[in-house]
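Enquirer:
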Amino acid sequence: MSHHKAYSMLGQKFLLSSDRALYWDEQRLLIVADPHFGKAQTFREKGLAVPRGTTADDLKRLSALIKQFRPERLLILGDLVHDRIEHPAEINRMIDRWRGHHRDVQLILVRGNHDLGAGDPPAKFKIDQVADELLIDPFIFTHQPEVDSSCYGIAGHLHPAVSLTGKGRSRETLPCFCFGPRIALLPAFGGFTGNQVIRPTIRDRIYVIAGNEVIKVPIAQPLSS
Numbered sequence: 001m002s003h004h005k006a007y008s009m010l011g012q013k014f015l016l017s018s019d020r021a022l023y024w025d026e027q028r029l030l031i032v033a034d035p036h037f038g039k040a041q042t043f044r045e046k047g048l049a050v051p052r053g054t055t056a057d058d059l060k061r062l063s064a065l066i067k068q069f070r071p072e073r074l075l076i077l078g079d080l081v082h083d084r085i086e087h088p089a090e091i092n093r094m095i096d097r098w099r100g101h102h103r104d105v106q107l108i109l110v111r112g113n114h115d116l117g118a119g120d121p122p123a124k125f126k127i128d129q130v131a132d133e134l135l136i137d138p139f140i141f142t143h144q145p146e147v148d149s150s151c152y153g154i155a156g157h158l159h160p161a162v163s164l165t166g167k168g169r170s171r172e173t174l175p176c177f178c179f180g181p182r183i184a185l186l187p188a189f190g191g192f193t194g195n196q197v198i199r200p201t202i203r204d205r206i207y208v209i210a211g212n213e214v215i216k217v218p219i220a221q222p223l224s225s
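According to my numbering, the sequence shown is numbered sequentially starting from 1.
#1: Of the residues Pro-122, Pro-138 and Gln-144, which one's Cα is nearest the Cα of Ala-131?
#2: What does the alpha-carbon distance come out to for the pair Tyr-23 and Leu-29?
#3: Kindly list the residues whose CB is nearer than 6 Å to the CB of Asp-128, restricted to its own chain and excluding five residues on each side of it in sequence; keep chain order.
#4: Counting Cβ pairs, one atom from each stretch, are 3 or more of them under 8 Å apart for the stretch 89-97 and the stretch 14-22?
#5: Hey, Gly-180 and Asp-148: beta-carbon distance below 7 Å or not?
#6: How long is the line joining the alpha carbons of Asp-79 and Asp-58, rounded to whole angstroms?
#7: Would you list the residues sitting across from Phe-14 in a DSSP beta bridge?
#8: Give the secondary structure of Arg-70 by DSSP, where H, G and I count as helix, E and B as strand, and everything else as coil.
#9: Does the separation of the CB atoms of Thr-201 and His-159 fall below 7 Å?
#10: Assuming contact is defined by CB atoms lying nearer than 7 Å, are Ile-154 and His-102 in contact in what I supplied?
#11: Please report the distance separating the alpha-carbon of Gln-68 from that of Leu-62.
#12: In or out: Ser-2 buried (at least 16 other Cβ within 10 Å) or exposed?
#13: Put Ser-163 into one of helix, strand or coil per three-state DSSP.
#14: Taking Ile-95 as part of the alpha helix (DSSP H), name the residues at either end of that continuous run.
#15: Can you find the residues in the same chain that come closer than 8 Å, C-beta to C-beta, to Ser-8, ignoring five residues on each side of it along the sequence?
#16: So for Ala-56, helix, strand or coil by DSSP?
#17: Comparing C-alpha positions only, which one of Gly-11, Gly-190, Arg-111 and Asp-104 sits nearest to Arg-73?
#18: Run the proximity test for Ile-66: is its beta-carbon closer than 6 Å to any non-hydrogen atom belonging to the ligand SAM?
#19: Taking the beta carbon of Ser-150 as the centre, do at least 16 other beta carbons fall within 10 Å, making it buried, or is it exposed?
#20: As a quick exercise: from Ala-188, Arg-171 and Arg-70, pick the residue whose alpha carbon is nearest that of Ile-76.
#21: Kindly list the residues whose CB is nearer than 6 Å to the CB of Gly-112, restricted to its own chain and excluding five residues on each side of it in sequence; keep chain order.
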């Protein structure tokens with residue numbers, strides 16, 4: 001079971017999961033960004049020696065989150081599948097088998113840039129797709145971070161991480177949740193996605209994922225990139 005940290009925004013209660021997910025309590029909504037299912041397979045099809053099992057591991061984590069939080073809806077903020085796969089049968093079987101265990105959970109996809117290249121998921125997955133944004137007042141959910149004048153944004157795409165310096169000048173790069181004044185960035189859910197180091201300001205609230213813990217990082221000055 002993942003650990004989580006409570007966080008409040010605009011009078012709403014959220015839980016930040018160490019499994020790189022966000023749970024909105026009042027809406028019974030589980031939110032993840034950038035799973036990039038099938039990424040390892042696309043690399044193998046190009047002749048690169050990458051490990052098997054990453055998509056299966058990610059689907060297991062997603063099942064564990066559903067069991068833990070029991071959401072009514074699962075919202076994916078883009079990049080469900082990494083790219084168009086030459087031989088998609090194996091990935092489709094895994095996702096279809098996973099979907100069969102969670103038919104009672106509505107699945108919503110806000111399409112991301114990789115979804116455009118990968119094409120529409122099979123109809124049997126029963127995924128409700130949204131082209132650009134989903135408004136659930138008082139928040140607007142997108143794949144690409146976009147500041148909206150009327151709603152607080154929650155987005156993916158950037159795979160945010162921060163670089164922290166420890167004892168002996170050792171440096172660790174950790175995925176993070178970043179809550180800015182007008183938009184929040186979610187960490188990439190996929191275990192084979194990579195991260196992009198961001199430079200938070202003193203106005204941002206940063207929670208890093210360190211193993212099975214979610215830890216708030218005080219920002220006295222911008223973190224180095």
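For each residue, glycine too, the CB sits at the ideal point set by N, CA and C. The model shown is predicted, which means the values in this text are computed figures rather than measured ones.
Expert: In this structure, then:
#1: That would be Gln-144, whose Cα lies nearest to the Cα of Ala-131.
#2: Those two C-alpha atoms are separated by around 6 Å.
#3: Only Ile-108 meet the Cβ criterion.
#4: With the cut-off at 8 Å, the stretch 89-97 and the stretch 14-22 do not touch.
#5: Cβ distance not < 7 Å, so Gly-180 and Asp-148 don't count as in contact.
#6: Each residue's Cα considered, the two are about 14 Å apart.
#7: In DSSP, Phe-14 forms a bridge with Tyr-7 and Trp-24.
#8: Coil.
#9: Cβ distance not < 7 Å, so Thr-201 and His-159 don't count as in contact.
#10: Contact: no.
#11: Spanning the two alpha carbons is a distance of roughly 10 Å.
#12: So Ser-2 ends up on the buried side.
#13: Look at Ser-163 here: in three-state DSSP terms it is strand.
#14: Per DSSP, Ile-95 is one residue of the alpha helix (DSSP H) stretching across 89-100.
#15: Excluding five sequence positions before and after Ser-8, the CB atoms of its chain that fall closer than 8 Å to its own CB belong to Phe-14, given in chain order.
#16: Three-state DSSP puts Ala-56 in a helix.
#17: Comparing Cα-Cα distances from Arg-73 to each of Gly-11, Gly-190, Arg-111 and Asp-104, the minimum goes to Asp-104.
#18: Among the ligands in the structure shown, none appear at all, so the ligand SAM cannot be discussed.
#19: By the 16-neighbour rule on beta-carbons within 10 angstroms, Ser-150 is exposed.
#20: The option with the nearest alpha carbon to Ile-76 is Ala-188.
#21: If we look at Gly-112 and ignore the five residues flanking it on each side, its Cβ neighbours are Gly-78, Asp-79 and His-143.
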